[in-house]
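Q: For the sequence shown, my numbering begins at 1 and goes up steadily by one.
Backbone N, C-alpha and C define an ideal beta-carbon position, used for all residues, glycine too.
Please read these numbers as outputs of a predicted model, since none were measured by experiment.
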Amino acid sequence: MQNLNRQVVLRSRPRGEPRPSDFELAEAPVPAPGEGEILCRTIYLSLDPYMRGRMDEGRSYTGGMNPALGSVMVGGTVSEVIASRNPAFPEGSFVLGANGWQAYALSRGAGLRTLDPRQAALSTALGVLGMPGMTAYVGLLDIGRPKPGETVVVSAAAGAVGSVVGQLARLKGCRAVGVAGSDEKRAYVVKELGFDACVNYKSGALRPALREACPNGIDVYFDNVGGDVLAAALTLINLRARIPLCGLISQYSAIEPPAGPNLRPVLTNRALIQGFIVSDHMDRLADFLDECTRWFRDGKLKYREDVVIGLERAPEAFIGLLRGQNFGKLLVKVGEDPTARAVGPRA
Ligand code: NDP
Numbered sequence: 001m002q003n004l005n006r007q008v009v010l011r012s013r014p015r016g017e018p019r020p021s022d023f024e025l026a027e028a029p030v031p032a033p034g035e036g037e038i039l040c041r042t043i044y045l046s047l048d049p050y051m052r053g054r055m056d057e058g059r060s061y062t063g064g065m066n067p068a069l070g071s072v073m074v075g076g077t078v079s080e081v082i083a084s085r086n087p088a089f090p091e092g093s094f095v096l097g098a099n100g101w102q103a104y105a106l107s108r109g110a111g112l113r114t115l116d117p118r119q120a121a122l123s124t125a126l127g128v129l130g131m132p133g134m135t136a137y138v139g140l141l142d143i144g145r146p147k148p149g150e151t152v153v154v155s156a157a158a159g160a161v162g163s164v165v166g167q168l169a170r171l172k173g174c175r176a177v178g179v180a181g182s183d184e185k186r187a188y189v190v191k192e193l194g195f196d197a198c199v200n201y202k203s204g205a206l207r208p209a210l211r212e213a214c215p216n217g218i219d220v221y222f223d224n225v226g227g228d229v230l231a232a233a234l235t236l237i238n239l240r241a242r243i244p245l246c247g248l249i250s251q252y253s254a255i256e257p258p259a260g261p262n263l264r265p266v267l268t269n270r271a272l273i274q275g276f277i278v279s280d281h282m283d284r285l286a287d288f289l290d291e292c293t294r295w296f297r298d299g300k301l302k303y304r305e306d307v308v309i310g311l312e313r314a315p316e317a318f319i320g321l322l323r324g325q326n327f328g329k330l331l332v333k334v335g336e337d338p339t340a341r342a343v344g345p346r347a
């Protein structure tokens with residue numbers, strides 16, 4: 001019989017930054033699948049900034065209620081089907097789902113997608129070829145609408161979404177400029193990912209550094225962080241700039257709403273700022289998978305993962321994500337990946 005199921009549950013709602021005491025490790029029996037159900041063993045758990053909002057009381061921006069205290073933390077997962085009473089998902093298959101911060105979960109199969117480990121490492125389904133990659137794809141191509149020769153700036157450039165945004169901008173013939181939080185990340189973004197330039201927003205004045213990196217101004221600013229970086233980018237936008245507003249991570253743990261940036265340049269430049277949520281754009285999933293899988297296989301889309309081993313380390317890793325301590329797509333390896341050697345080394 002299986003081990004006990006290990007779970008991370010929400011113990012208290014954070015005020016400001018989450019703390020380790022807001023989480024609790026729990027154990028429960030591993031459930032047995034009923035008719036039509038499968039038992040999934042978690043291999044990888046994705047840690048994402050949106051989870052901070054799910055820890056608060058009330059509704060999430062997707063419309064549903066946030067989880068109650070005592071619930072298992074929500075999260076995207078890659079799992080192995082270890083027992084099946086559902087012929088669509090046979091034992092031994094691998095699935096992308098949302099089983100949350102736990103080692104085992106039952107599912108009826110709704111919303112699951114089968115993964116082929118021969119196509120790409122399983123973990124990429126949570127990063128470059130998953131929700132963050134798709135966010136970059138629809139946000140940049142459909143809202144940013146970059147044209148060859150234009151300048152695209154993206155914040156959190158070394159992260160899961162930002163790293164894909166800049167590489168797609170380059171593939172579309174644009175100048176790609178990143179903003180990141182350390183010199184190590186800055187070097188990675190330029191040398192490994194092929195951005196034209198990257199600015200470390202923690203070393204010195206941001207606006208002059210950004211102006212130097214964008215001699216022709218900014219045509220698309222893909223915002224992942226809000227706050228000071230957004231304020232600096234706005235001062236450099238061109239006529240009819242587009243601003244996909246993807247995330248505001250600098251203020252997710254703010255207790256009071258911070259003072260906003262000056263939006264006057266938005267008005268005078270007739271710029272477009274559009275907020276978007278990737279889950280509203282699922283009609284683009286097939287295009288994203290087709291196009292990005294091709295670029296990925298051709299080596300034109302590189303990625304980096306920051307893999308933490310062990311479910312019990314998920315809380316500290318998540319707290320670190322909100323402080324910029326991750327370097328690449330943050331994943332927790334919850335269980336063994338039997339396919340890990342089926343594909344080549346990671347970029
Ligand atoms: P990342 O892998 O980019 O990790 C988060 C990064 O944000 C950190 O590494 C850090 O990088 C940066 N960061 C953290 N705190 C701050 C701060 N105070 N100021 C500036 N930067 C900060 O995460 P993702 O790629 O998964 O997510 C990036 C953004 O995209 C988030 O805002 C997220 O909420 C958003 N998102 C939105 C979606 C949508 O549908 N709209 C879907 C998916 C993600 P650094 O060291 O460079 O500061």
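1. By how many angstroms is the C-alpha of proline 208 removed from the C-alpha of serine 163?
2. With contact counted as at least three CB pairs below 8 angstroms, one residue from each stretch, are the region 249-263 and the region 90-98 in contact?
3. My guess is that serine 182 and valine 225 are in contact by the Cβ rule of under 8 angstroms, so how many angstroms apart are they, rounded?
4. Suppose only complete runs of 3+ residues qualify. What are the beta strand (DSSP E) ranges in the region 209-242, listed by chain order?
5. Between the beta-carbon of leucine 39 and the beta-carbon of alanine 88, is there less than 9 angstroms?
6. Going by DSSP, name the residue or residues bridged to aspartate 56.
7. Pick out whichever of Thr42, Arg13 and Ala28 has its Cα sitting closest to the Cα of methionine 51.
8. Below 8 angstroms CB to CB, which residues in the same chain sit around methionine 282 once its five sequence neighbours on both sides are set aside?
9. Since tyrosine 104 sits in a beta bridge, which residues does DSSP pair it with?
10. Taking the alpha-carbon positions, what's the alanine 347 to leucine 331 distance?
11. Taking the beta carbon of glycine 34 as the centre, do at least 16 other beta carbons fall within 10 Å, making it buried, or is it exposed?
12. Going by alpha carbons, who is nearest to glutamate 37 out of Ala286, Ala83 and Asn66?
13. Quick check on lysine 185: does DSSP put it in helix, strand or coil?
14. Rounded to whole angstroms, what is the Cα-Cα separation between serine 263 and lysine 329?
15. Just the Cα atoms here: how many angstroms apart are valine 43 and proline 265?
16. Please work out which residues of its chain come closer than 8 angstroms, Cβ to Cβ, to asparagine 269, disregarding the five sequence neighbours upstream and downstream, and give them in chain order.
17. Sorted by chain position, which residues of the same chain lie with C-beta nearer than 8 angstroms to aspartate 22's C-beta, five sequence neighbours on each side aside?
18. Please name the residue or residues paired with phenylalanine 23 in a DSSP beta bridge.
19. Ignoring anything shorter than 3 residues or poking outside the region 66-106, list the beta strand (DSSP E) runs there in chain order.
20. Can you find a C-beta in chain B that's less than 9 angstroms from the C-beta of arginine 211?
21. Start and end of the alpha helix (DSSP H) containing cysteine 292?
22. So, at 7 angstroms on beta carbons, what are the nonlocal neighbours of proline 345 in its own chain, with the 5 sequence-adjacent residues on each side left out?
23. Please tell me whether, using a cut-off of 8 angstroms, the distance from the CB of serine 203 to the nearest non-hydrogen atom of the ligand NDP is below it.
24. So what's aspartate 306 in DSSP terms, helix, strand or just coil?
25. Suppose the cutoff is 8 angstroms on Cβ atoms and the five residues either side in sequence are ignored; what does the same chain contact list for arginine 284 look like?
26. Give me the Cα-Cα distance between isoleucine 319 and valine 307, rounded to the nearest whole angstrom.
27. Check proline 244 in the structure and name its three-state DSSP category.
28. For alanine 286, count the other beta carbons within 10 Å of its own beta carbon; 16 or more makes it buried, fewer makes it exposed. Which is it?
29. Pull up the CB-CB distance for proline 29 and asparagine 5, whole angstroms please, since I reckon it's below 8 angstroms.
30. Can you tell me whether DSSP reads isoleucine 273 as helix, strand or coil?
31. Cα-Cα, which of Cys246, Asp219, Glu91 and Asn66 is closest to aspartate 280?
32. Measuring straight from C-alpha to C-alpha, what distance separates proline 261 and glycine 204?
33. From Ala340, Ala180, Pro215 and Phe296, pick the residue whose C-alpha is nearest to that of arginine 323; which is it?
34. Report whether the distance from the Cβ of cysteine 246 to the nearest heavy atom of the ligand NDP is below 8 angstroms.
35. By DSSP's criteria, serine 155 is part of a beta bridge. Which residues make up the other side?
A: For this structure:
1. Position 163 of the sequence shown holds residue 163. Position 208 of the sequence shown holds residue 208. Rounded to the nearest angstrom, the two C-alpha atoms are 23 angstroms apart.
2. Contact fails: fewer than three Cβ-Cβ distances are below 8 angstroms.
3. Reading the sequence shown from its first residue, position 182 is the one you call residue 182. Reading the sequence shown from its first residue, position 225 is the one you call residue 225. Actually they are not in contact, since the Cβ atoms of serine 182 and valine 225 sit about 14 angstroms apart, beyond 8 angstroms.
4. Annotation: the region 209-242 contains the following complete segments of the beta strand (DSSP E) (minimum length 3 residues), in chain order: 218-222.
5. By one-based count along the sequence shown, residue 39 stands at place 39. By one-based count along the sequence shown, residue 88 stands at place 88. In this structure, alanine 88 does not lie closer than 9 angstroms to leucine 39 by Cβ.
6. Numbered from 1 along the sequence shown, position 56 holds the residue referred to as residue 56. For aspartate 56, which the question treats as bridged, DSSP gives no partner whatsoever.
7. Along the sequence shown, one-based indexing puts residue 51 at 51. Cα-wise, what sits closest to methionine 51 is Arg13.
8. Position 282 of the sequence shown, counted from the start, is the residue given in the question as residue 282. If we look at methionine 282 and ignore the five residues flanking it on each side, it has no Cβ neighbours.
9. Start at 1 with the first residue of the sequence shown, and residue 104 comes out as number 104. Arg41.
10. Here the question's residue 347 lines up with position 347 in the sequence shown. Here the question's residue 331 lines up with position 331 in the sequence shown. Note on alanine 347: pLDDT 44, under 50, position unreliable in the model; the coordinate value appears next. Roughly 16 angstroms between the two C-alpha positions.
11. Within the sequence shown, residue 34 is the residue found at index 34, counting from 1. Result: exposed.
12. Taking the sequence shown and counting its residues from 1, one reaches residue 37 at position 37. Scanning Ala286, Ala83 and Asn66 for the CA closest to the CA of glutamate 37 turns up Ala83.
13. If you number the sequence shown from 1, residue 185 lands on position 185. Secondary structure of lysine 185 (DSSP, three-state): helix.
14. As a working mapping, residue 263 is identified with position 263 in the sequence shown. As a working mapping, residue 329 is identified with position 329 in the sequence shown. Looking at the sequence provided, one finds leucine at residue 263 rather than serine. Computed Cα separation, rounded: 31 angstroms.
15. Residue numbering aside, residue 43 sits at position 43 when the sequence shown is read from its first letter. Residue numbering aside, residue 265 sits at position 265 when the sequence shown is read from its first letter. Here residue 43 is isoleucine; the residue named in the question, valine, does not match the sequence. Using only the alpha carbons, I get a separation of about 47 angstroms.
16. Translated into positions along the sequence shown, residue 269 becomes position 269. The residues are Ile237, Asn238, Leu239, Arg240 and Ala241.
17. Counting from one through the sequence shown, the residue named residue 22 turns up at place 22. Only residues of its own chain outside the window of five on either side were considered, and among them Leu10, Arg11, Ser12, Arg13, Pro14, Met55 and Pro315 have a CB closer than 8 angstroms to the CB of aspartate 22, listed in chain order.
18. Along the sequence shown, read from residue 1 onward, the residue named residue 23 stands at position 23. Leu10, per the DSSP bridge assignment.
19. Runs found: 77-84 and 94-97.
20. Note that chain B does not occur in the displayed structure, where there is just one protein chain.
21. In the sequence shown, counting from the first residue as 1, residue 292 sits at position 292. Taken as a continuous stretch (DSSP letters only), the alpha helix (DSSP H) holding cysteine 292 covers 285-297.
22. Counted from its first residue, the sequence shown places residue 345 at position 345. Low confidence applies here, because proline 345 scores a pLDDT of 41, under 50, leaving its location unreliable; read the following figure in that light. There are no such residues.
23. For the purposes of this step, residue 203 is taken as the residue at position 203 of the sequence shown. False, no ligand heavy atom lies under 8 angstroms from that Cβ.
24. Within the sequence shown, the letter at position 306 stands for residue 306. Correct three-state label for aspartate 306: strand.
25. To locate residue 284, count along the sequence shown from 1; it is residue 284. Cβ within range, chain order: Met134, Tyr137, Val138 and Asp142.
26. The residue given as residue 319 occupies position 319 in the sequence shown. The residue given as residue 307 occupies position 307 in the sequence shown. Rounded to whole angstroms, isoleucine 319 to valine 307 spans 15 angstroms at the Cα level.
27. Against the sequence shown, residue 244 aligns to sequence position 244. Reduced to three states, the DSSP call for proline 244 is strand.
28. Counting from 1 along the sequence shown, the entry for residue 286 is found at position 286. Flag for alanine 286 reads exposed.
29. Residue mapping note: residue 29 aligns to position 29 of the sequence shown, counting from 1. Residue mapping note: residue 5 aligns to position 5 of the sequence shown, counting from 1. Rounded, the Cβ-Cβ distance is 7 angstroms, consistent with contact.
30. Locating residue 273 in the sequence shown gives position 273, counting from the first residue. Note: isoleucine 273 maps to strand in three-state DSSP.
31. Walking along the sequence shown from the start, residue 280 turns up at place 280. Comparing Cα positions, the closest option is Cys246.
32. The residue labelled residue 261 in the question sits at position 261 within the sequence shown. The residue labelled residue 204 in the question sits at position 204 within the sequence shown. Taking the straight line from one Cα to the other gives about 19 angstroms.
33. One-based indexing of the sequence shown puts residue 323 at position 323. Checking every option, the nearest Cα to that of arginine 323 belongs to Ala180.
34. Residue numbering aside, residue 246 sits at position 246 when the sequence shown is read from its first letter. Checking every heavy atom of the ligand NDP against the Cβ of cysteine 246, one is found closer than 8 angstroms.
35. As a first step, residue 155 must be located in the sequence shown, where it is residue number 155. Answer is Val179, bridged to serine 155.
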